[in-house]
Every structure is written in structure tokens, then in C-alpha cells.
Amino acid sequence: MLEFRLLGTLEARAGGRSVALGHARQKCVLAALLIDAGRPLPADRLLRRVWDDRAPHRGRDTLYAYLSRLRRGLEPHGVRLVRRSGGYVIDLGEATVDLHRFRHLVARARAATDDRSALPLFEEALGLWQGEPLAGLDSTWLHTVRERLRAEHWAAELDRTDALLRTGRHGECLPDLSVRAERHPLDERVAGQLMLALYRGGRAADALAHYRHVRGRLADELGVDPGAPLRHLHQRILTGDPALAVPDPQPAARAGADVPTPRQLPAHPRWFTGRDQQLAEFDKALDSSDPRGGSVVIFAVGGIGGIGKTRLVLHWAHQNLDRFPDGQLYVDLRGFDPSGEPPVAPAVAVRGFLDALGVASDSVPLDPQAQAGLYRSLVQGRRMLIVLDNAADAEQAAALLPGSATCTVLITSRRRLAGLASAYGARLLTLDVLTGTEARELLAHHVGHDRAAAEPEAVAGLLEHCAGLPLAISVVGARAAAHSAFPLAVLAEELQDESARLDALDAGDLTANVRAAFTVSYNALTVGAAEVFQLMGRAPGPEIGQAAIAALVARPVSALRATLRELENAHLVQQPEPGRYRLHDLARLYAVERARTERADGGAEALLRMVDFFLHTACSAAQRLDPHRGGIRPVAARPGVTPLPLADRDAALAWFTVEHPVLLSSIDLAVRSGHDAHAWQLARALETFFDYRGHWHDWTTSQHIALDAARRLGNVSWEAAAHRSLGNVCTQTGRLDEGHAHFRHALDLYGDLGDRDSQAHTHRGLGWVCNQQGRQRDALDHAEQALTLYRQTGHRPGQAKALNNVGWLSIALGDHRAALDHCAQAVALNQAIGDRHGEAGAWDSLGYAHHRLAEHTEALDCYRRALELDRSFGDRYGETEILHHLGDTHLALADPQAARLAWRHALEIAEEIGHPATAELRGKLSGLLQGRPDLTEPAR
């Protein structure tokens, strides 16, 4: 039987002998499959796991080769690599993986009915570890997995130590605990275990000294005090609490029959929709928990105000009352109360619990710690649900946690209670907005399904403006229900006005008021976080990056991180990807409202700083994409703006791709604020990106804006450049007459200015559009005029492009040998000046000339060179052209399969970007299936 070992150096052993698994990268592929054994992995995900974003050229082919080798090596041992609809799956058969065995043993240990049964399972699980997991293998994903495995190993070690302490084997723990405490001086769980072991070993003074040491380290390094559990243990050691003695191995006695059964849950929410995933997570955690020897199941549900945290918890609680026959405790901790009331002190909440548990007033201890101890004693061994609603922070909630694994705790808070996760193993759930279907169902519950069905457009408008926020939908529903005779369209029209939308989302009560919900969270922010929140609301686009926020608020990124964490922990902003932030639509309106109220200029200057940031970064990125294109000297940036440094072409392309929507919004913002130079330069900086990625509509729209801006500025050169750019995009998209008109306007303006380089650029454009119109003689005349002008001015990149144009048009006119000469000169000149983009185009033209001369082998070589270069800078339009030509040559060489592959790939890109050759490619693929003989004519 084959054994795979991941908990150390990756290896496979059969019958005591090692099985060859290949080199390190191939082992990474195997590791990725083994970690998710039994689950299909798409090829794209495997590529990312193994190579991050640096997959080799023809990465899929490399991956398939590795999979093939692994398949041949493993199948003789009964392990199969299978391709299914969802990706690749490793079918282990009888083989075993030490990682999965480790997890299985740990789960069994945690589910064991007593510690004496659990300990051998923990020891067997930990014994599987042979060192650093996946040693010698490296990728970003594997590094993340390795960190997760270390955390699992650490948790299992600590669980085993808890079991040893519970069974009176504290002496065995001391050596390991001393080492752990030294290596992890800030880990409070380890500190507590060591203090307990020392105390039970008769070394109370050492236990107290260790507490003082930990407290000092926490204060010096983190500026915090120990958490409530460690402080409580310290107090119990000081007072010599008898309960700290070696525990009785017998199960805890159930509370007496005279203790009442509390039923404190508020009423079941009348209407509830969605949240299936979160409800399933609650169920799964309870189904897999072990009340006899495990830990308390704790869920901390977080999210923005009005997202439905309390409704979710109460809905699940009422659906699962049978799980908690000994009662349910509930307290509203008022951590974020719209009335402004201060949060409930934990001692006050404990006193309320004691009352609910039937403790007579004269039996309640005076000391708050003793009251908390009595509360925990009364719920010990009882199957109870404890709901801590609207917690202010982790410390407030931690003081109310029971010690018995028979209890379940559900906490809601507008803050992310990460401290509960690290100290108590709480599961953190963050609620997002409702889906479209869920939101529609909730609104229909409020207004009636028939009424909703009768006005679908109005319902769609209402839901759009509520943006999936349950509170907003409920407020709209309440207002609609209060005026049942009014059309829903009236309310939808009221919500249409952004400036008054928050006024409309008020049902007349603080608990049914979206603005009030946001105000409570906003008032809890520090001054710096409130300022950042205001200005983020003013930023255009759906998301904003960290560097852009830094420009917006005129602070360094390093000084901003803690503030952004505060906003994220308050659930006022989300971080969907590392370093990218967004606000809920209604939170954005609230932020804008606060900015206009609290800032003299309403944040206008901050917005201009952000436009400066995008302009300067975009100009730098454009130069990275095409260093041989004329650079842009952007208008001076305001103080506090630091453009984002972009290392290379790939970084520039990635930045443009991510910021594309925000850049478009920034152009509009520049125009609205009267900054036409910014608008023109931003549009100019985006041209190459739009060209490479086929964003024809955005290119056209932005250049029309640039043309208007240039005219307002009276800048004739900029006006001509906008006409030339529009000529390019119109020709790309087959609007030839329109493109020709724009080029003629540009040529006339450049002639008036005496700008010969730009006249040459425009002649090349006219040559292109004339060629597309079938006027090859006119096209060649324009290309030769361009070449003459470029030679007069010494513009070498232009000469290279014009030589290529002349060569291409010579092919069209049947002078193939002249074409070879011109195109070869273009290749050489582009290589000399380092213009890889121009070189790709010249190789494509050279290949086309060879094809027309029936020199198909030479043509293939040229096209492959062109394709490799083109793909290196992401020009999807050019890639479509080259693949189209490549397919023609494959067919001429009687290789229809290769032709089909090339054309199919070209068609995929063409359909995505709207390439004019889309219909032609479809026709060729269809004709290939029908065996038509007329397909050997190459694309022009």
C-alpha cells in the first residue's frame, strides 16, 4: 500500500521503499492534488498554486506533462489521476496521506468522551509529523498551506496539553510548556497552561511570577493587559481556589432540579430570508461538537449596521430550541446603541443571568468575580444557548463566556471580534448583503407578493437603491405598508435622489433608520478613521486601492494601515482583495453626507489629489506599456500625492486592469471639477491599454471627452491628437469613413502647426484606413509619405513602423519580394531600438509575405516569433491577427487540426474584444468542418 507523507519532506513509500516523484515543481503539483484529495482542481487553479502568477510560457502544456509523468509513476501503486468536469482529481484507492490521517485522529480525539481516550489519539496524530511540512517546496499558496498546517499542529499540541492537565498529568507537561512559553511569550493560552501546571506542582510562586512576566511583556510590546481568562486564573491562584486542584475525573454533576429553565430569547423575526450558508455553518458546528470533552462552540457574527446579524442569530436559535433543553440566556450588550446609551457592563449582564437562573438576591456574592464564577457553575454541564447581542468588543463578550462545552454562544457585533477567535477559538462569520433573489423575497414579504409582482420595475428600483441591506429593505417595506394604496413607483422615485436617499430610508424610529444605524458605528471611530471614511465615500469607482486612499487623505500608506484596519473591523469598509477597499452603497452616501457636513470644502481638494495620483501613475504606466510612444508630461501634482511605482510592463498592465473603472470615473470627475488638462491627459494615458485590451467603447468615449476638453482649452495640438486617436479606434472597429474623417482633421491641424512627426503618425493612420477600404495604392502613398517625414526628423520608432506598413501594402499590391525587404528592415530596426511591440508587428508582416510566396515553413517561424512577443505585453488585438494568419498557414501546409486550434483561439479573443474579424473566423471554422477548398486564401 502506498503512503504519502506531507508532514515533512514530501515523499511516497510503498513496502518500505521510496517511490520516485520527480523534481520539486512536479512535487508541488502532486502536493496540491493530495491536499485536496478527492476534490477536482481546475488547471488554472493548479497553475496558480504551483507557479503563482509566473507560470512559464505554455504553462498548461508543462502542467499536463507533469500530470502525465505522475500518472505513469503512481498508477502501478493503485493511485489514479483522473480528469473530471471540474478539473483533476487524485483517486487514492487504498493509499493513505499522513495529513488526512493527522486531521482524522485529531478530530476523533476532540470528539472523544473522556480525556483518557483522547490522549492516545492526540499522541498518534502528533507522531505523524517528521519536521517542516512540505519541506523544500515553495510557492505562495504552499507557504500559506504550510502556515495553516503549523497552526493545526500547534492547536493539537495545546489540546493534548489541556487533556494532560485535566487528567492530573501536570508533571509531564512542565518541560514542554517551559520551552513553549519561552518561544511564544505572548501566547496567553500557553501562559495559562504553564501557570496551572506550576501551581498543581506546588510552585504557586513561580506561577504568579510567570504571570507578572507575561503581563510585562504584553504591556511593553503590545500595550495591552492580559485577557480576562488569564487574569481570572491569576486571581484564582492568588486566592488558592480549591477548584484549581487536580480535577475529579468524574463528569461534572448536573445542576439541581430546582434551577429554573430560562427562556430569554426575544421573539422570532417575523420575516427572514437567505443566509443558508451561515445557518448551515451553525448546524455543522453543533453537529460535530462534543459536549463531554470538547470546547465551547462560539460564533461571533459581524457586519455593518443593518446587515441582519441579530435576525440571523434569533432565527437560528428559534429553529433549534430543541438542542437547548436547559434554556436560553439573552442580553443586549448595547455596544452600538442608536439611543446613545453606554454599553452594558459585563457585571450587570452576569447579574441579569443569575436572576434568570433563579439565584435569590441574598445568595448573590458581592464580588463581581465571584458572581461570574457562580454563573459559570450554574450553566456547567447544562445544554444551554447564550446569545450576547450587540457586543462592543471582544473583552466585553469574553467576560460572559461559559466554561462548559455543553453550552453554545452566539455573539453579534459591528466590530470584528478577532480576539475571541485567537483566545477562545470562536468562529468569525461576516455577513454580506443579500443576493438579488433574497432581497426581492424580503421586500415581497413586507409589501405582499401580489403588489410586488404588479410593479416589477418599481421593485427593481427599490432594491437597487437598498443595495441588499436588510434594514434598508425593511424600512422601505414598512413605509410601503403604511401607504398600501400608494404605487411603489412613488417610493422608488423618492429613493432615486441620492442626496435625499438616507432621509427616505427612515421609518420614524431609531431602530428603523439607516442613517441612525451608520451614525452609531461612525461615532465609535477615532478622529483619523472618521476622516478617512468621509473621504473614501467621495472617491469615484466601485473600489479604491491603498495608494489612492493615501493620496486622497494626504498621508503615507504606512500611516494609513492601522486606520483602514479600524474601519474594516468596524465593518464600515470591506477589503475584498489585499489592499483594495470598498464601501456599501448606502455607507458611501452616509460618508459623503458627513464629508459635506464636517469639511469646509466637502472633500473637493482631496478628490483632486486623488485625480493627481491616478494621472501621474497612469502616465508612468503608459510609458511602461509602450516606451517608444511619446511620453506625457502630466500637470504638477498637489502636495501629499505619491504616484504608485510600477516595476515593469506586467505591473503596469495589471494596474490598468484593476483601476480601469476608477480611471474612467476620474476622467469624468476631472471634467466636472473644471480640470480639462487632467481629463485630456488621463484619456491619452489610457490609449495603449484600451488598444491592447480591446476596450473600444471606453477608448471612444474617453477620446470624445478629450476632444471637447482640448477645444475648451484652445490647445490645437491636443485637439489634433484626440482626432488621431479617434481615427485609430474607429478603424480598429470597422467604422472606416468615420476613422478617415478624424485622421483628415488631425492631418490638417498638424499641418497648420508644422508638426512633422505627428503628420507622419497621421499619414500612417490614413494608410491603414485606406487599406481597410480597399484603396491599397492610396494607402501605400500615405505610408511612403510617413516614412519620408520620419527620415527627415530622425524618428526611428516611426521609421520602423512605416517600413512595416510599406511592406504590408507591397504584399497587398503583389510586390512580395519588395515586401520581404521592407519588413526585414522593420524587424531589424525595431530590434535595434528595443521596440518589442513594433517587432511583433513586423514579424507578422514578414510571415504574411512568406505565406503569399508559398514559403510556409518560413511564415510559421515568423508568426511564432510574433505571437511570443505579442503575448509578452498583452496586446489582444494583435494576438487575434497573428493567430488568424497562423491558422491560414497551417491550413496551407495541410494541417487542418493546427489551423482549427489557431482559429478557435483567435475567435475566443475576437468575440471577447469585438474584433472586426469575428465573422470571418466563424466562417473559416465552419468551412473547415464542411471541408471547403476556399479557405486557403489568407486573412488580409
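Position 309 of the sequence shown, counted from 1, bears residue number 300 in this note's numbering, the numbering being contiguous throughout.
Using N, Cα and C, we set each Cβ at its ideal position, and we do this for glycine too.
Hey, could you find the ends of the alpha helix (DSSP H) residue i is sitting in?
{"i": "M509", "result": "The amino acid occupying residue 509 in the given sequence is Phe; Met does not appear at that position. First-last of the alpha helix (DSSP H) with F509: V505 to N514."}
{"i": "E123", "result": "Looking at the DSSP string, E123 is not in any alpha helix (DSSP H), and its letter there is neither H nor E."}
{"i": "S657", "result": "R640 to R663"}
{"i": "R62", "result": "G50 to L65"}
{"i": "R913", "result": "T909 to Q921"}
{"i": "F477", "result": "Element bounds for F477: n/a, residue is neither H nor E."}
{"i": "R629", "result": "Element bounds for R629: n/a, residue is neither H nor E."}
{"i": "L32", "result": "L32 -> no alpha helix (DSSP H), and no H or E assigned at all."}
{"i": "P337", "result": "P337 to A347"}
{"i": "E138", "result": "T131 to R157"}
Report yes if the C-beta distance between residue i and residue j is below 8 Å; otherwise report no.
{"i": "A463", "j": "L422", "result": "no"}
{"i": "L408", "j": "G593", "result": "no"}
{"i": "T158", "j": "D106", "result": "yes"}
{"i": "L117", "j": "A98", "result": "no"}
{"i": "D317", "j": "R373", "result": "yes"}
{"i": "D150", "j": "L119", "result": "no"}
{"i": "L551", "j": "I535", "result": "no"}
{"i": "A156", "j": "C164", "result": "Sequence inspection shows Leu at residue 156; the Ala mentioned does not correspond to that position. Their beta carbons are under 8 Å apart, which means L156 touches C164 by this criterion."}
{"i": "H575", "j": "V818", "result": "no"}
{"i": "W687", "j": "G905", "result": "yes"}
{"i": "A385", "j": "L357", "result": "no"}
{"i": "A578", "j": "L563", "result": "yes"}
{"i": "R(-4)", "j": "E2", "result": "yes"}
{"i": "D667", "j": "L704", "result": "yes"}
Buried or exposed: where does residue i fall if 16 or more other Cβ atoms within 10 Å of its Cβ makes it buried?
{"i": "V339", "result": "exposed"}
{"i": "Q241", "result": "Note that Q241 scores 35 on pLDDT, short of 50, meaning its location in the model is unreliable; the coordinates nonetheless yield the value given after this. Flag for Q241 reads exposed."}
{"i": "M(-8)", "result": "exposed"}
{"i": "D835", "result": "buried"}
{"i": "R640", "result": "buried"}
{"i": "L(-2)", "result": "buried"}
{"i": "R101", "result": "buried"}
{"i": "E903", "result": "exposed"}
{"i": "K915", "result": "buried"}
{"i": "G918", "result": "exposed"}
{"i": "A670", "result": "buried"}
Tell me which same chain residues have a C-beta within less than 7 Å of the C-beta of residue i, skipping the five on either side of it?
{"i": "R529", "result": "V583, A586, G594, A597 and L598"}
{"i": "T753", "result": "R715, F734, A737, L738 and Y741"}
Where DSSP assigns a beta bridge to residue i, which residues make up the other side?
{"i": "V322", "result": "L379"}
{"i": "F290", "result": "L401 and R418"}
{"i": "Q565", "result": "R573"}
{"i": "T0", "result": "A126"}
{"i": "D497", "result": "N504"}
Residue i lies in the beta strand (DSSP E); which residues open and close that run?
{"i": "A471", "result": "It is not in any beta strand (DSSP E) - A471 instead sits in the alpha helix (DSSP H) that spans P461 to A473."}
{"i": "V10", "result": "R8 to V10"}
{"i": "G439", "result": "Careful: G439 lies outside any beta strand (DSSP E) and carries neither H nor E."}
{"i": "L(-7)", "result": "L(-7) to R(-4)"}
{"i": "L96", "result": "Note, L96: premise wrong, no beta strand (DSSP E); alpha helix (DSSP H) at D89 to A102."}
{"i": "I873", "result": "Segment R867 to A883 is the alpha helix (DSSP H) holding I873; no beta strand (DSSP E) there."}
{"i": "L187", "result": "Where L187 is concerned, there is no enclosing beta strand (DSSP E), although the alpha helix (DSSP H) it sits in stretches over E179 to R191."}
{"i": "D82", "result": "G78 to D82"}
{"i": "V73", "result": "R71 to R75"}
Beta-carbon within less than 6 Å of residue i's beta-carbon, same chain only, minus the 5 sequence neighbours each way: which residues are those?
{"i": "L844", "result": "H807"}
{"i": "L486", "result": "H456, R492 and A495"}
{"i": "P47", "result": "T53"}
{"i": "G865", "result": "L644 and Y683"}
{"i": "H68", "result": "L(-7) and A5"}
{"i": "E777", "result": "It is Ala, not Glu, that sits at residue 777 in the sequence shown. Closer than 6 Å at Cβ, skipping near neighbours: A751, H754, R755 and A793."}
{"i": "A628", "result": "D603 and H607"}
{"i": "A483", "result": "A449, G452 and L453"}
{"i": "G832", "result": "N795"}
With a CB to CB cut of under 8 Å and the five nearest residues on each side skipped, what residues in its chain are close to residue i?
{"i": "L851", "result": "G838, L877, T880, H881 and L884"}
{"i": "Q17", "result": "Y57, R60 and L61"}
{"i": "A248", "result": "Because A248 carries a pLDDT of 37, less than 50, the predicted location of this residue cannot be relied on, and the following value inherits that uncertainty. Excluding positions up to five away in sequence, the list is empty."}
{"i": "A469", "result": "H437, A498 and A503"}
Using 7 Å as the cut-off, classify the Cβ of residue i as near or not near the heavy atoms of the ligand ZN, replying yes or no.
{"i": "E911", "result": "In terms of ligand content, the structure shown is empty, and the ligand ZN therefore cannot be addressed."}
Let me see if you follow: with CB-CB separation under 8 Å, is residue i close to chain C or not?
{"i": "G785", "result": "Absent here is chain C; the protein component of the structure consists of one chain."}
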